[in-house]
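The next block holds one structure in the form of structure tokens; read it before the comments.
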Ligand code: ADP
Ligand code: MG
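In my numbering, the protein residues as written are -17 to 260.
Written as structure tokens, this is what we have:
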């Protein structure tokens, strides 16, 4: 029987009011949202309903005007910018609609960059970045720059980059928004693989109902609050399951919670490498 998972993210009556000169724009109006560790949640809603604002709050990119946000029990809504940056760098991975890769860097260098900011030694950075790119089936594209990669390949680099510091939470804002449906499907397969096999909590904004149904739960936002919650379709077979797993990262200050359910070594899984369709 599935055991009850602890809450990893809790938004409690969160308000965000943007000030544009004299005008106040309330983007979030008392948003309540609870996300359990290991959940895959989709957020839908019309343009302007506050989806990206909510993601920015969860991702420690901004703080609310009012209300509280708890990440793993810690109230992050009143932290300083430098504390937020620390949490963001280590505990949150971001995937964006526009991929947001640095054009002057290769795929490998893009994936290494977040580890540089965390002070990881160069040889470890290279090894881990190679491993992550291998996991998204881009081992033969590591030394290419974004302009030499397709949209789907660029988003897979972004997925690898989001895992660089082994975050618990992955935030994806319209990850398939710039991709055709077939390529989007491949990207979704990788996201689900992260959720199921790596136990990552995933929160994803999408306009696409088919994409949203990959999640376990869909939250509909309107005017800065949740107006409806529905369960996603379950048990969609994932062609990538049994594929390459992410090597566990050793971390000096690892919390005990993070050690559960993790593969100890990629080598156990090398035997059953499964290639995804390119
Ligand atoms: P969504 O992602 O659902 O389209 P957003 O969270 O981007 O919605 O925006 C919600 C509301 O907040 C919109 O009315 C938008 O114009 C406004 N808004 C978002 N970001 C800012 C900002 N930085 N400054 C002023 N208003 C903003
Ligand atoms: Mg948005």
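Where is the CB? At the ideal position from N, CA and C, for every residue including glycine.
What separation, rounded to the nearest whole angstrom, lies between the Cα atoms of residue 62 and residue 99?
For this step, residue 62 is matched to residue 80 along the chain shown. For this step, residue 99 is matched to residue 117 along the chain shown. Those two C-alpha atoms are separated by around 18 Å.
Residue ranges of each alpha helix (DSSP H) run of no fewer than 4 residues wholly in the segment 25 to 80, ordered along the chain?
33 to 40 and 63 to 73
Does residue 5 pass the burial test, meaning 16 or more other C-beta atoms within 10 Å, or should it be called exposed?
Within the chain shown, numbered from 1, the residue matching residue 5 stands at position 23. Looking at its Cβ environment, which holds fewer than 16 other Cβ atoms inside 10 Å, residue 5 is exposed.
Taking all protein chains shown into account, do 16 or more other C-beta atoms lie within 10 angstroms of the C-beta of residue 173, making it buried, or fewer, making it exposed?
Taking the first residue of the chain shown as position 1, residue 173 is located at position 191. Residue 173 should be labelled buried.
For residue 142, the three-state DSSP class (helix, strand or coil):
If you number the chain shown from 1, residue 142 lands on position 160. In the structure shown, residue 142 sits in a helix (DSSP, three-state: H, G or I).
For residue 202, which residues in the same chain have their Cβ closer than 6 Å to its Cβ, ignoring the five residues on either side in sequence?
To locate residue 202, count along the chain shown from 1; it is residue 220. Answer for residue 202: 26, 27, 209 and 210, listed in chain order.
For a test of the three-state rule: what should DSSP assign to residue 12, helix, strand or coil?
Translated into positions along the chain shown, residue 12 becomes position 30. It is a strand residue.
Going by DSSP, what residues sit across from residue 153 in a beta bridge?
For the purposes of this step, residue 153 is identified with residue 171 of the chain shown, where counting begins at 1. Note: residue 153 sits in a beta bridge opposite 76 and 185.
Is residue 33 close to the ligand ADP? I mean its beta-carbon at under 7 Å from any heavy atom of the ligand.
Mapped onto the chain shown, residue 33 falls at position 51. Residue 33 Cβ: within cutoff of the ligand ADP.
In this structure, does DSSP put residue 113 in helix, strand or coil?
The sequence position of residue 113 within the chain shown is 131, counting from 1. In the structure shown, residue 113 sits in a helix (DSSP, three-state: H, G or I).
Going straight from the alpha carbon of residue 106 to that of residue 147, what length do you get?
In the chain shown, residue 106 corresponds to position 124, counting from 1. In the chain shown, residue 147 corresponds to position 165, counting from 1. Rounded to the nearest angstrom, the two C-alpha atoms are 12 Å apart.
Three-state secondary structure (DSSP) of residue 2
Within the chain shown, residue 2 is the residue found at index 20, counting from 1. It is a strand residue.
Enclosing beta strand (DSSP E) for residue 201 [first to last residue]
Looking up residue 201 in the chain shown gives position 219. Looking at the DSSP string, the run of the beta strand (DSSP E) that includes residue 201 is 199 to 204.
Using alpha carbons as the reference points, say which of 82, 32, 53 and 135 lies closest to residue 149.
To locate residue 149, count along the chain shown from 1; it is residue 167. The residue with the shortest Cα to Cα distance from residue 149 is 53.
Within 8 Å, strictly: CB atoms of residue 194 and residue 24:
Position 212 of the chain shown, counted from the start, is the residue given in the question as residue 194. Position 42 of the chain shown, counted from the start, is the residue given in the question as residue 24. Cβ atoms of residue 194 and residue 24: closer than 8 Å.
Where residue 122 falls, given that 16 or more other Cβ within 10 Å makes a residue buried:
Position 140 of the chain shown holds residue 122. Looking at its Cβ environment, which holds fewer than 16 other Cβ atoms inside 10 Å, residue 122 is exposed.
My guess is that residue 176 and residue 152 are in contact by the Cβ rule of under 8 Å, so how many angstroms apart are they, rounded?
As a working mapping, residue 176 is identified with position 194 in the chain shown. As a working mapping, residue 152 is identified with position 170 in the chain shown. Right, the Cβ-Cβ distance comes to about 6 Å (below 8 Å), so this counts as a contact.
Using only alpha-carbon positions, find the residue among 12, -6 and 1 that is nearest to residue 206.
Residue 206 sits at position 224 when you count from the first residue of the chain shown. Ranking the options by Cα distance to residue 206, first place goes to 12.
For the ligand MG, I want to know if residue 155 counts as a neighbour, meaning its beta carbon is within less than 7 Å of at least one of the ligand's heavy atoms.
Stepping through the chain shown from its first residue, residue 155 is reached at position 173. Yes, the ligand MG has a heavy atom inside 7 Å of this Cβ.
Tell me, please, whether the segment 178 to 188 touches the segment 153 to 169 by the rule of three or more beta-carbon pairs shorter than 8 Å.
yes
Whole angstroms is fine: what's the gap from residue 48's alpha carbon to residue 33's?
Within the chain shown, the letter at position 66 stands for residue 48. Within the chain shown, the letter at position 51 stands for residue 33. So the two alpha carbons sit approximately 17 Å from each other.
How many whole angstroms separate the CB atoms of residue 114 and residue 89, which I take to be in contact at a CB cut-off of 8 Å?
Within the chain shown, the letter at position 132 stands for residue 114. Within the chain shown, the letter at position 107 stands for residue 89. Going by Cβ atoms, the distance from residue 114 to residue 89 rounds to 10 Å, so no, they are not a contact pair.
From residue 292 to residue 196, what does the alpha carbon distance come to, in whole angstroms?
Outside the shown range of the chain (-17 to 260) lies residue 292, about which nothing can therefore be said.
Quick one: measure Cβ to Cβ for residue -2 and residue 39, integer angstroms, because I've assumed they're closer than 8 Å.
Numbered from 1 along the chain shown, position 16 holds the residue referred to as residue -2. Numbered from 1 along the chain shown, position 57 holds the residue referred to as residue 39. That pair is a contact at about 7 Å.
Give the range of the alpha helix (DSSP H) segment to which residue 174 is assigned.
Position 192 of the chain shown, counted from the start, is the residue given in the question as residue 174. Residues 163 to 179.
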